[in-house]
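These notes are about the structure you will find just below.
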Amino acid sequence: MVDAIMMLSFIILVLIGTTDFDNATTKNLAMVTFGIVGVIMVILRIIGMRQEAHRTQESDY
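Numbering-wise (my numbering), the sequence shown opens with residue 2 and increments by one.
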């Protein structure tokens, strides 16, 4: 789920970045919002990978 949201946020960022908006503030606000969502998803993915590695180490013993 985290991977899907992360990919969608990056795709939306590209689409917003390449689209002409009448209001630059709206475009900037949308890009910042989806940028934050993307960063949060990357952080959650890293946390998930570390937890999975920790679980694998525990099961080896």
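For each residue, glycine too, the CB sits at the ideal point set by N, CA and C.
| field | T19 - containing alpha helix (DSSP H), residue span | value | V3 to T19
| field | DSSP state of N29 mapped onto helix, strand, coil | value | helix
| field | Under the three-state DSSP convention, the category F35 falls into | value | helix
| query | Buried or exposed: G39, going by 16 or more other Cβ atoms within 10 Å of its Cβ? | reply | buried
| query | Does the beta-carbon of M42 have 16 or more other beta-carbons within 10 angstroms, so that it is buried, or is it exposed? | reply | buried
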